[in-house]
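Chains as they are written, first to last, in the working numbering: chain C, 1 to 285; chain D, 286 to 552. For every residue, glycine included, the Cβ atom is placed at its ideal position computed from N, Cα and C.
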Amino acid sequence: MSLSVKDLTYIYEQGTAMSVNALNHISLEIPDGQFIGLVGHTGSGKSTFVQTLNGLLKPTSGKIYWNGQDIHEENYDKKLLRAAVGLVFQYPEHQLFETDVITDVMFGPKNLGLSETECRDRAKEALLSVGLDERCWTKSPFDLSGGQKRRAAIAGVLAMKPEILILDEPTAGLDPKGRDEILNMVRGMKERLKMTIILVSHSMDDVAEYADRIIVMNAGEIMMDGTPAEVFTHSSELEEIGLSAPQMVYILQYLKENGLPVETDRLTVEEACSEILRVCRDAGY
Amino acid sequence: MFKDITLGQYYQTDSILHRLDPRVKLIGTLVYLVSLFIVRSVPGYIFAGIALAALIRLSNVPFRYIIRGMKSIMMILMITVLFNMFLTPGEPLIRIWKLSVTREGVIFAIRMAIRLVFLILGSSLMTLTTTPNQLTDALESVLGPLKKLHVPVHEISMMMSIALRFIPILMEETDKIMKAQIARGADFESKNLKKRIAALVPLLVPLFISAFRRANDLAMAMEARCYRGDSGRTKMKPLVYKKSDYTAYAIMTAFVLCCVALRIAGF
Ligand SMILES: Nc1ncnc2c1ncn2[C@@H]1O[C@H](COP(=O)(O)OP(=O)(O)OP(=O)(O)O)[C@@H](O)[C@H]1O
Ligand SMILES: [Mg+2]
């Protein structure tokens, strides 16, 4: 079940003085089971791109294929597409509207025409997946904390059982602890539910640890596409477009430049520590 | 989906009209509206039309853009014209079933239509060339004397400016929430009326909540900056008349005098 994008261009307000070329001839393959980090500076077109993927925005030119089928063909069932390609918006908690959390999570499955009991089962499953405490399920969504609201909103998309889950800046506006919780939750979901995940962020540190593949966008174009280690070797190019590699990469690069024979592709604190220790031991300290 | 609403919106460009003091434009619009009722003959309307065309030319706003905003008004205009044609008593011209179009009715309807079109064009020219903030400043300054009668002029203008400022924000918010709900399978285009109304709940509830949240944040931000209403408040950019503004007032006076002269001369 793969998603493929061919020569996609999107222009906002085409034909007026205010027209913005948000996406420029993007081509991309998204195979099954990848954890993709989509990174780019503010205004680089990330949100526009993910909204074209589930057919919310119709591209100015170019095609999107889901399982080999053009999604903008006539009579194509967009509802099924939107269930398969789940999109969680930036600040998703702003979409909550029901009187209690579980009913809100049931909104998606209900729109798919499922029975009441099945909707409820799916909602429960989704709420468990996002780790929302069972006591919250019958509360009003507006009585939850910021982090809890966000989990409830993510559950609302998860309950549609998507094959691809796209999260647009899921950590925006959360404290470091909330950020780590959400990121760990996403990774857990990928491992348990075997989903393809696209995590949109403007911070490399958010995606470095977990992603198998990083796509860097700049001014509506794809600038880099590769494994984290590959992408981070271009740290100076990243800086030119307002991004940066994770902190650890800089430390290791600095050590290497100053004569310590370390490998620079270690991204987390633990990996970097053990690499430095290894080199130190080899040198006989 | 809201792109066709150009009526009452600001058009960003540079022109003599854009640079005029907003008070001049506000008063000028009122003067123009009044003079439309002073003249009442063909030469008079031609004169008023030429004046308006000259102003549109000076404003650098594309004529097509102004006309696009008029479309929504067209319907109301047609209805007004039809009613006037049929319902004014007088010498009958054509009979359709029990109704008759009268001579007086036709004349009256044409006059009405011309006045309405000029009136709408004139006032949209003001909003097209004046930002909402300038407009509220002008309103506050022009209505200033009413403060002596304890009319809360400042508060009224502040409310107007906040309301105008919130329109685009709420439109953007509506768009965002709609997309988020469509991503969860909501259907806003259902043929079934009942379903279509029910689909509004997931849109309106978050929209109201967000409007209240924004209003609350704004109130907080105003308090944090010690906003206390009108008392002792000064302006960063006080309105000051320039030479061009006085010229504009002079032209305006000349225009009104011409209109009055036309009327007295029997045209
Ligand atoms: N509704 C819109 N109308 C007009 N232009 C828009 C609209 N939405 C986005 N744009 C423009 O398109 C470009 C890409 O915007 P987009 O929201 O996709 O960026 P982004 O990478 O998601 O940024 P951020 O990190 O700030 O969320 C920007 O230049 C933006 O100004
Ligand atoms: Mg974005």
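Inset, instruction - Please name the residue or residues paired with R513 of chain D in a DSSP beta bridge. - result: Residue pairing by DSSP places R513 of chain D opposite D:D515 in a beta bridge.
Inset, instruction - Provide the residue span of the beta strand (DSSP E) that contains Y12 of chain C, from first to last. - result: Boundaries of the beta strand (DSSP E) around Y12 of chain C: L3 to Y12.
Inset, instruction - Would you kindly report the start and end of the unbroken beta strand (DSSP E) that includes T387 of chain D? - result: Start and end: L384 to T387.
Inset, instruction - Check the Cβ-Cβ distances between Q294 of chain D and every residue of chain C, and say whether any is below 9 Å. - result: It does not; no Cβ of chain C falls within 9 Å.
Legend entry - Beta bridge counterpart(s) of R380 of chain D as assigned by DSSP: R380 of chain D is bridged to D:S385.
Legend entry - chain D within 9 Å of R82 of chain C, Cβ atoms only: Output row for R82 of chain C: interface = yes.
Inset, instruction - With hydrogens ignored, establish whether the beta-carbon of E169 of chain C is closer than 8 Å to any heavy atom of ligand 2. - result: E169 of chain C Cβ: within cutoff of ligand 2.
Inset, instruction - Report the rounded CA-to-CA distance for K288 of chain D versus Y12 of chain C, giving the unit in angstroms. - result: At K288 of chain D, the pLDDT of 48 sits below 50, so the modelled position is not reliable and the matter cannot be decided from this model.
Inset, instruction - Buried or exposed for A283 of chain C, please, with buried defined as at least 16 other CB atoms from any protein chain shown within 10 angstroms of its CB. - result: With fewer than 16 Cβ atoms within 10 Å of its Cβ, A283 of chain C is classed as exposed.
Inset, instruction - Measure the alpha-carbon distance for G354 of chain D versus L321 of chain D and round it to whole angstroms. - result: Just so you know, the alpha carbons of G354 of chain D and L321 of chain D end up roughly 21 Å apart.
Inset, instruction - Would you tell me roughly how many angstroms separate the C-alpha atoms of I241 of chain C and T412 of chain D, rounded to the nearest one? - result: When rounded, the distance between both Cα atoms is 40 Å.
Legend entry - 8 Å Cβ shell around V216 of chain C - same chain, five flanking residues per side excluded: Excluding positions up to five away in sequence, the list reads V39, G40, I222, M223, M224, D225, V231, L238, I241 and L243.
Legend entry - CA-to-CA distance, Y76 of chain C to S235 of chain C, given in whole angstroms: Rounded to whole angstroms, S235 of chain C to Y76 of chain C spans 42 Å at the Cα level.
Inset, instruction - Return the chain-ordered list of same chain residues with a C-beta closer than 7 Å to the C-beta of A126 of chain C, the five sequence neighbours on each side being excluded. - result: Same-chain partners within the cutoff: V105, A155, L158 and A159.
Legend entry - Contacts that P92 of chain C makes with chain D (C-beta to C-beta distance below 8 Å): Chain D residues near P92 of chain C: A465.
Inset, instruction - Would you identify the three-state DSSP class for Y317 of chain D, choosing helix, strand or coil? - result: The three-state secondary structure of Y317 of chain D, taken from DSSP, is helix.
Legend entry - Where Q297 of chain D sits in the DSSP three-state scheme: Note: Q297 of chain D maps to coil in three-state DSSP.
Legend entry - Cα-Cα separation, Q297 of chain D to L384 of chain D: Approximately 48 Å between the Cα atoms of the pair.
Inset, instruction - Report the neighbours of G108 of chain C on chain D: residues whose CB is nearer than 8 Å to its CB, in chain order. - result: Chain order gives the chain D residues near G108 of chain C as R469 and G470, where near means a beta carbon separation below 8 Å.
Inset, instruction - Identify the contact partners of F97 of chain C in chain D, using a Cβ-Cβ distance below 7 Å as the criterion. - result: Per Cβ cutoff of 7 Å: V486, P487, V490 and P491.
Inset, instruction - Measure the Cβ-Cβ separation of L144 of chain C and V101 of chain C and say whether it is below 9 Å. - result: Between L144 of chain C and V101 of chain C, the C-beta gap is smaller than 9 Å, which places the two residues in contact.
Legend entry - Buried versus exposed, by CB contacts within 10 Å (16 or more), A211 of chain C: With 16 or more Cβ atoms within 10 Å of its Cβ, A211 of chain C is classed as buried.
Legend entry - Buried versus exposed, by CB contacts within 10 Å (16 or more), K433 of chain D: It counts as exposed.
Inset, instruction - Quick one: using the 10 Å Cβ neighbour count with 16 as the cut-off for buried, is T42 of chain C buried or exposed? - result: Exposed, because fewer than 16 other Cβ atoms sit within 10 Å of the Cβ of T42 of chain C.
Legend entry - ligand 2 heavy atom lying under 8 Å from the CB of S61 of chain C: Flag unset: Cβ of S61 of chain C not near ligand 2.
Inset, instruction - Return yes when the Cβ of T365 of chain D is within less than 9 Å of the Cβ of L378 of chain D, no when it is not. - result: With contacts defined as CB atoms closer than 9 Å, L378 of chain D and T365 of chain D fail to qualify as a contacting pair.
Inset, instruction - Could you tell me whether the stretch 440 to 460 of chain D touches the stretch 134 to 142 of chain C, where touching means 3 or more Cβ pairs closer than 8 Å? - result: Contact between the stretch 440 to 460 of chain D and the stretch 134 to 142 of chain C is absent, because fewer than three Cβ pairs lie under 8 Å.
Inset, instruction - Along the alpha helix (DSSP H) that carries H439 of chain D, what are the first and last residues, could you check? - result: That run of the alpha helix (DSSP H) goes V438 to A468.
Legend entry - Alpha-carbon to alpha-carbon, K161 of chain C and P92 of chain C: Looking at the two C-alpha atoms, the distance is approximately 17 Å.
Legend entry - Contact set for L337 of chain D: own chain, Cβ-Cβ below 7 Å, skip 5 residues either direction: Same-chain partners within the cutoff: F403, L406 and G407.
Inset, instruction - Please report how far the alpha carbon of M56 of chain C lies from the alpha carbon of Q90 of chain C, in whole angstroms. - result: Looking at the sequence shown, residue 56 of chain C is not Met but Leu. Using only the alpha carbons, I get a separation of about 15 Å.
Inset, instruction - Would you grab the beta carbon distance between A468 of chain D and R82 of chain C for me? Rounded to a whole angstrom, and I think it's under 8 Å. - result: Contact holds; Cβ gap of about 6 Å.
Legend entry - Q90 of chain C: CB within 8 Å of a non-hydrogen atom of ligand 2: Yes, the beta carbon of Q90 of chain C sits closer than 8 Å to at least one heavy atom of ligand 2.
Inset, instruction - Could you have a look at E221 of chain C and say whether DSSP puts it in helix, strand or coil? - result: Strand.
Legend entry - Neighbour flag for Q14 of chain C against chain D, beta carbons, 9 Å: It does not; no Cβ of chain D falls within 9 Å.
Legend entry - At least 3 beta-carbon pairs within less than 8 Å: the stretch 296 to 315 of chain D vs the stretch 515 to 533 of chain D: Cβ pair count under 8 Å is three or more, so yes.
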